[in-house]
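Asker:
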Amino acid sequence: AEEHRAIQGSGLGLSIVARIADLHRARIDLSDTSPEGGLTFRVLFPRYPDDGEQEDSRQA
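Numbering (the working numbering), first residue to last: 2 to 61.
(1) Can you tell me which of the three DSSP states A2 falls into?
(2) By the DSSP assignment, the beta strand (DSSP E) with S32 in it spans what residues?
(3) Identify which residue in D33, I21, E37 has its Cα closest to the Cα of V44.
(4) Are L31 and F42 touching if we call contact CB-CB under 8 Å?
(5) Please state whether DSSP places L40 in a helix, a strand or coil.
Written out as structure tokens, the structure is:
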């Protein structure tokens, strides 16, 4: 017997996350790691140096 779970929400979550990721030049990774068939989404943002690191690189 296949289990079904009630899906709630408007379905906009991933499209909103995708737009935010795009604006920040981030990457969305998707992996199928759950034996129950669930998916894992990861949003990977680029690392920008903080102000102190920028000052150090300008002095070099």
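Beta carbons: idealized from backbone N, C-alpha and C, even for Gly.
All values derive from a computational prediction rather than experimental measurement.
Answerer: Short version:
(1) Interpretation of A2 is limited by its pLDDT of 45, a score under 50 that renders its predicted location unreliable; the figure taken from the coordinates is listed afterwards. Looking at A2 - three-state DSSP - the assignment turns out to be coil, as it is neither helix nor strand.
(2) For S32, the enclosing beta strand (DSSP E) has its first and last residue at 28 to 32.
(3) Checking every option, the nearest Cα to that of V44 belongs to I21.
(4) Yes, the pair counts as a contact, with Cβ atoms nearer than the cut-off.
(5) L40: coil per DSSP, three-state reduction.
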